[in-house]
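>
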Amino acid sequence: MIVTRLDADQVQLYVEELADLLADTVDGGASIGFLAPLDRATAVAWWKERAAAVASGQLAVWIARADDRTLGTVSLAFPDKPNSRHRAELVKLMVHRDARGRGLGRGLLTTAEQAAADAGITLLHLDTETDSPAERLYTSAGWTRVGVIPDYAADPGGVLRGTTLYYKKLGTTAPTR
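For the sequence shown, the numbering used here gives the first residue as 3, with consecutive numbering after it.
1) Looking at the structure shown, is R163 part of a helix, part of a strand, or coil, going by DSSP?
2) I need the DSSP call for P84, collapsed to helix, strand or coil.
3) For D153, which residues in the same chain have their Cβ closer than 6 Å to its Cβ, ignoring the five residues on either side in sequence?
4) Quick one: what's got a C-beta closer than 8 Å to G105's C-beta in the same chain, skipping five residues either side?
5) Per DSSP, which residues does Y16 bridge with? Please list them.
6) For T132, name the three-state secondary structure that DSSP assigns.
7) Work out the CA separation of L128 and A102 for me, nearest whole Å.
8) Grab the span of the beta strand (DSSP E) containing W49 for me, first residue to last.
9) Cα separation between G122 and H88?
10) Looking only at DSSP bridge pairs, what is S33 linked to?
11) Roughly how many whole angstroms lie between the Cα atoms of G109 and P84?
Below is the structure:
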């Protein structure tokens with residue numbers, strides 16, 4: 003498995019595989035902002051829009067590939083306000099259903115955390131569906147649970163679910179991005 007950080011051109015290059023991964027994740031029941039079934043054109047368009055955020059430095063995207071296919075991704079979203087340069091949000095950690103249970107999610111999480119620390123980010127935060135398998139990953143990786151917001155977002159089937167907020171403190175160097 004090879005994990006690679008993508009630049010904006012590479013996001014465009016892998017947009018079809020990223021769209022497949024997004025659709026698989028949503029169809030598998032993960033609450034990541036979309037309802038099922040996810041239309042392929044919508045998934046492609048969503049990833050194409052991310053390229054501009056990558057080009058501007060507001061988003062960092064990594065993919066995990068094996069056997070000539072994209073099996074996972076994770077992103078860090080960076081705030082645009084001067085008073086928040088020390089933090090980032092972990093977003094869209096996805097692992098294809100065919101690749102789950104092999105440590106890929108943990109590997110992507112570790113990659114994003116290390117890249118954030120290397121860039122001087124001292125605080126990461128995220129939200130995830132309450133009682134989802136992702137909660138076990140974040141808790142076991144040392145993230146701190148803050149609390150639950152009830153009925154925060156609809157799952158892929160349209161049912162309102164709670165979201166759990168987490169944070170993780172990293173090193174203490176100044177941001178370099």
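C-beta atoms are modelled at their ideal positions from N, C-alpha and C, and glycine is treated no differently.
From the atom records:
1) Start at 1 with the first residue of the sequence shown, and residue 163 comes out as number 161. In the structure shown, R163 sits in a strand (DSSP, three-state: E or B).
2) Locating residue 84 in the sequence shown gives position 82, where the first residue counts as 1. Helix, per DSSP.
3) Residue mapping note: residue 153 aligns to position 151 of the sequence shown, counting from 1. Answer for D153: L162, listed in chain order.
4) Looking up residue 105 in the sequence shown gives position 103. Cβ within range, chain order: n/a, list empty.
5) Counting from one through the sequence shown, the residue named residue 16 turns up at place 14. Beta-bridge pairing links Y16 to no other residue.
6) If you number the sequence shown from 1, residue 132 lands on position 130. T132: coil per DSSP, three-state reduction.
7) As a working mapping, residue 102 is identified with position 100 in the sequence shown. As a working mapping, residue 128 is identified with position 126 in the sequence shown. With the sequence shown as reference, residue 102 is identified as Arg, and Ala is not the correct amino acid for it. So the two alpha carbons sit approximately 20 Å from each other.
8) Position 47 of the sequence shown, counting from 1, holds the residue named residue 49. First-last for W49: 42-58, but that is the alpha helix (DSSP H), not the beta strand (DSSP E).
9) Start at 1 with the first residue of the sequence shown, and residue 122 comes out as number 120. Start at 1 with the first residue of the sequence shown, and residue 88 comes out as number 86. Cα-Cα distance, rounded: 7 Å.
10) Taking the first residue of the sequence shown as position 1, residue 33 is located at position 31. In DSSP, S33 forms no bridge with anything.
11) By one-based count along the sequence shown, residue 109 stands at place 107. By one-based count along the sequence shown, residue 84 stands at place 82. C-alpha separation (whole angstroms): 30 Å.
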